[in-house]
Amino acid sequence: MFLKNSPAGYGLFSKSLHWLNALLVIILIGLGFYMVGLTYYDRWYNAALTWHKSLGLIALGLAMGMAGWQWYSPPPATLPGLQRWERLGARIMHIALMGMMLVIPFSGYLISTSAGQGVEIFGLARIPALLHGGTTLRDVAIAVHFYAAYGTALLVIGHGGAALKHHFVNRDDTLRRML
Ligand code: HEM
971 MFLKNSPAGY GLFSKSLHWL NALLVIILIG LGFYMVGLTY YDRWYNAALT WHKSLGLIAL
1031 GLAMGMAGWQ WYSPPPATLP GLQRWERLGA RIMHIALMGM MLVIPFSGYL ISTSAGQGVE
1091 IFGLARIPAL LHGGTTLRDV AIAVHFYAAY GTALLVIGHG GAALKHHFVN RDDTLRRML
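Residue numbers (this note's numbering): 971 to 1149.
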C-alpha cells in the first residue's frame, strides 16, 4: 500500500507527517521566540500565545501519531554505502528529534496547565489539565521547554544540513526518498 513504509522507501503517510511536523516545529520556534518578546500592551500578545498553544498541541498530536506510525510501519533501513558512524549518527539524530517533538509540546502543555486549567485548540477543543504542580512544575516546565526548543533548533539545522549534504555532495537518494 502506498501509504505504508516499505524496505524500499517511505510511504505517503510518513512523508506527510514528516514535512507537516517539520513546518510546525520551525513556525513554533519562531513564534515562541517572537511571542516572549511581546509586552501585555502589544496587540499580538494574546493572539500569538493562542496560536502558539493551539499549533503546539496539534504538533503534539502529530508527533504522537508519527511515533505510533513508526512502530506500526517501520521506516526503511539507511541507504547502503553509508559509513558506520553515519548510520549511528542518523539513528541518534532521529531518536533525539522524535523525543524532542514530544518533550517540547508536552512541557508547553504543562506550563499552560500548571494552575489546573485546561488548554484550548483554537477554541474548538479543550484539553484538560493532567497535573496540578503549581509554580514548581511551571518553573521546571518553562526551563525544559526553553532548552529543548532552542536545542532542537540546532538539531534541525544539523538534520537539514546532513540531508542537503547527501543530496548535493554525495548525490545519493537520502533526501529524495523523503520527497
Ligand atoms: C513543537 C512544539 C513547540 C515548540 C517548538 C515551542 C517553542 C517555544 C519557544 C521557542 C518558546 C520561547 C521560549 C523563550 O524564549 O523563553 C516557547 C514559549 C512558550 N510556549 Fe511553546 N513550543 C511548542 C509547543 C507549545 C505548547 C503545546 C504549548 C502549550 C499548550 C506551549 C506554550 C508555551 C508558553 C506558555 C511559552 C512561554 C513560556 C514563558 O513564559 O517563558 N508551547 N515555545
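Each residue gets a CB set at the ideal place from its N, CA and C atoms; glycine is no exception.
Spatial neighbours of residue i in its chain, beta-carbon cut-off 7 Å, leaving aside the 5 residues before and after
i: H1022; result: L998, L1001, G1002 and M1005
Euclidean distance between Cα positions of residue i and residue j
i: E994; j: R1108; result: What sits at residue 994 in the sequence shown is Leu, not Glu. Cα to Cα, L994 sits roughly 24 Å from R1108.
i: I1112; j: G1035; result: 25 Å
i: L1100; j: T1106; result: 15 Å
i: T1144; j: P1044; result: 16 Å
i: G1103; j: H1115; result: 16 Å
i: A1095; j: L1030; result: 14 Å
i: L1072; j: V1139; result: 32 Å
i: G1121; j: A978; result: 32 Å
i: A1060; j: H1129; result: 8 Å
i: Y1015; j: M1068; result: 30 Å
i: P1046; j: S976; result: 6 Å
i: T1020; j: T1083; result: 14 Å
Nearest-angstrom beta carbon gap, residue j and residue i [assumed within contact, 8 Å]
i: T1048; j: R1054; result: With a Cβ gap of about 10 Å, T1048 and R1054 do not count as contacting.
i: L1025; j: L987; result: Not confirmed; about 15 Å, so no contact.
i: P1098; j: G1088; result: 4 Å
Status (buried if at least 16 other CB within 10 Å, exposed otherwise) for residue i
i: Y1079; result: buried
i: I1127; result: exposed
Contacting residues, own chain, Cβ-Cβ under 6 Å from residue i (five flanking each side not counted)
i: A1123; result: I999
i: P1050; result: none
Whether residue i touches residue j by CB criterion (8 Å)
i: F983; j: W1039; result: yes
i: K974; j: M1148; result: no
i: A1118; j: M1070; result: yes
8 Å CB neighbourhood of residue i in its chain, flanking five on each side removed
i: L1125; result: M1063, A1066, L1067 and M1070
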